[in-house]
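Chemist: A single structure is presented below for examination.
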Amino acid sequence: MAEQYQLIADAAGWAVCYEALRRAPRFAVDVEANSLHAYRERVCLLQFSTEDEDFIVDPLAGLDLSPLGGLLADPAVEKVFHSADYDLALLRTQYNWTVCNLFDTMWAGRVLGFKKMGLAAVLEDLLGVCLSKKFQKANWARRPLPENWLDYAANDTRYLLPLRDQLADRLEAADCMVEAREIFAAGCEVDPIVRQFDVESFWTIQGVRALEPRAQAIFRALFVWRESEAKRRDTPPFKVINNQSLLLVAKAAVDGEGPLTRAPGVSDKTLARMGGGLQQAVEKGRRAPLPKPPKRGERKQTGKPGFLQRYDALLEWRKQAAQLRGVESDVIISRRAAKELAEKCPCTPEDLEGIQSLGPYRRTCYAGDILKVLKETK
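Numbering-wise (the numbering used here), the sequence shown opens with residue 2 and increments by one.
In structure tokens form, the structure reads like this:
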């Protein structure tokens, strides 16, 4: 039998949960969304754990969750997440909430050089706790949620506080806590999720470049239609029809005119299910101008002269520094920081103060190496 949690789906329950969180000096947080089941994902569950209580909050139950925003932003209260990036972006997008005083157990492990940082793997390694990953791809917008799904969700925060303490002890012992805290703080600076459909991104799909030009035009039209259909149905594009089936339809539609009745490799049922929209897209592609593929590997020089050369040199330096230390490259500096450095090209330690994405720890630790790389690639 799973350990008990409190499912919060009414105002009275939410008042109890909020008061418990408000009193706690720290609490663990996780977010479940329906990104694999909707065109635009939304927050479907919020899980919280204090030292002695576990809560699952249903944000689809019409609760007034606005007080939570102030609590998440309170720098006096530590919030513990595992791999917070996407969760924080969701909270910013849907509620315009920001998080202060973050401890991210995934990043803590990466700073320490751990190779397996999925929650299940790190809990088993450090705490001897075995968690199921069975419902990772579940549709969390479903209601009512099965009890075993809720048990799974509760476990995502139940062990985060003791995990945090284990990792914090190791960070302190390795003299890496200041570095980790800087990474946690940078992780709080997230932008809202903005999904913009790029028509020309169809060229990145495997197999498109191998199509003959007319089939490429048909595929492009199908690609646009699929996006529109996914938005109309509120479902991910791949659930309308997958890329492989689109390729097969485009190939079959090159020969002949009129309605497409057969596409080898695509079931008649699938074609029929797509209806007139697919047929209209095929006809549009048959008449469209032939698309011109972009050149492979072409990168535009942007900003100051030599930007790409400096950027590549910084990435190579961070790769070597990471290998020496036994961590992943982005533990040394982020790509965002490398881009800002390559663009602004600081020459002195004082100039590095203006590189906001670098952070004070890295400015101190890596100033000499960074300035040397930039000087050698001017």
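Note that CB positions come from ideal geometry on N, CA and C, so glycine has one too. For clarity, every value in this text was computed on a predicted model and none was experimentally measured.
#1: For Val17, which of helix, strand or coil comes out of DSSP?
#2: Quick check for students: name the residue ranges of the beta strand (DSSP E) that lie wholly in the stretch 36-92, counting only runs of 3 or more.
#3: Taking C-beta to C-beta, are Glu382 and Tyr362 nearer than 8 Å?
#4: Under the three-state reduction of DSSP, which class applies to Asp256: helix, strand or coil?
#5: Taking Lys135 as the reference, give the member of Ala121, Leu127, Ala142, Glu125 with the closest Cα.
#6: Have a look at Ala3 and Met118 and give me their C-alpha separation to the nearest angstrom.
#7: Determine, using beta-carbon pairs with one atom in the stretch 188-203 and one in the stretch 123-141, whether at least three such pairs fall under 8 Å.
#8: By how many angstroms is the C-alpha of Tyr87 removed from the C-alpha of Leu47?
#9: To the nearest angstrom, how far is the alpha carbon of Ala254 from that of Pro214?
#10: Which first and last residues belong to the alpha helix (DSSP H) in which Asp235 is found?
#11: Mind checking which residues open and close the alpha helix (DSSP H) that includes Gln280?
#12: To the nearest angstrom, report how far apart Tyr160 and Glu79 are at their CA atoms.
#13: Considering only the beta carbon of each residue, do Ala339 and Arg319 sit closer than 8 Å?
#14: Under a Cβ-count criterion, where at least 16 other Cβ atoms within 10 Å of its own Cβ denotes burial, should Thr205 be classed as buried or exposed?
#15: Short of 7 Å in beta carbon distance, which residues of its chain neighbour Pro163, apart from the five on each side in sequence? Order them along the chain.
#16: Among Asp313, Gly360, Lys252, Asp59, which has the Cα closest to the Cα of Asp11?
#17: Are the beta-carbon atoms belonging to Phe185 and Trp108 less than 8 Å from one another?
Modeler: Checking against the coordinates, here is how it stands:
#1: helix
#2: 44-50, 55-58, 79-82
#3: Because the chain in this structure spans residues 2 to 379, residue 382 falls outside the shown range and cannot be described.
#4: coil
#5: Checked all of Ala121, Leu127, Ala142, Glu125; the closest Cα to Lys135 is Ala121.
#6: Because Ala3 carries a pLDDT of 44, less than 50, the predicted location of this residue cannot be relied on, and no value is offered for it.
#7: no
#8: 13 Å
#9: 12 Å
#10: No alpha helix (DSSP H) contains Asp235, which DSSP labels as neither H nor E.
#11: 269-288
#12: 15 Å
#13: Contact flag set, yes.
#14: exposed
#15: Leu128
#16: The closest CA to that of Asp11, considering only Asp313, Gly360, Lys252, Asp59, is found on Asp59.
#17: yes
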